[in-house]
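Data block below; observations after.
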Amino acid sequence: PVMATAADIVIAEVDEILPIGDIDPNNVVTPGIFIDALVLKGGNTYAART
C-alpha cells in the first residue's frame, strides 16, 4: 500500500469481484480505501488511461 498512498489514482486489476466478507481481511494487500477504480480481467479486454 505504500505506492497506493503516494499515487493520485489507484487502479486495481482483479480476477473477480466478490461480495463483502468473502475475503479474509488478513489476505488483503491493498485496502479498498486506497482503490479509485477496478478493472475486471477477462478475455481480450484492455483498459488504459490516457
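So for the sequence shown, this note's numbering puts the first residue at 1; every next one is plus one. Yeah, the Cβ is synthetic: ideal placement off N, Cα and C, and Gly gets one too. Quantities reported herein were computed from a predicted structural model and do not represent experimental measurements.
* Nearest-angstrom Cα distance between residue 6 and residue 35? -> Counting from one through the sequence shown, the residue named residue 6 turns up at place 6. Counting from one through the sequence shown, the residue named residue 35 turns up at place 35. Using only the alpha carbons, I get a separation of about 12 Å.
* Range of the contiguous alpha helix (DSSP H) that encloses residue 2 -> Against the sequence shown, residue 2 aligns to sequence position 2. Segment 2-6, the alpha helix (DSSP H) holding residue 2.
* To do: Identify, in the order they occur along the chain, each residue of the same chain with its Cβ nearer than 7 Å to the Cβ of residue 10, setting aside the five sequence neighbours on each side.
  => Residue numbering aside, residue 10 sits at position 10 when the sequence shown is read from its first letter. Excluding positions up to five away in sequence, the list reads 4, 34, 35 and 36.
* Asked: In terms of alpha-carbon separation, which member of 30, 38 and 19 lies closest to residue 1?
  -> Counting from one through the sequence shown, the residue named residue 1 turns up at place 1. Of the candidates 30, 38 and 19, the one whose C-alpha sits nearest the C-alpha of residue 1 is 30.
* Asked: DSSP puts residue 11 in a beta bridge; with which residues?
  -> As a first step, residue 11 is located in the sequence shown; it is residue number 11 there, counting from the start. According to DSSP, residue 11 bridges with 37.
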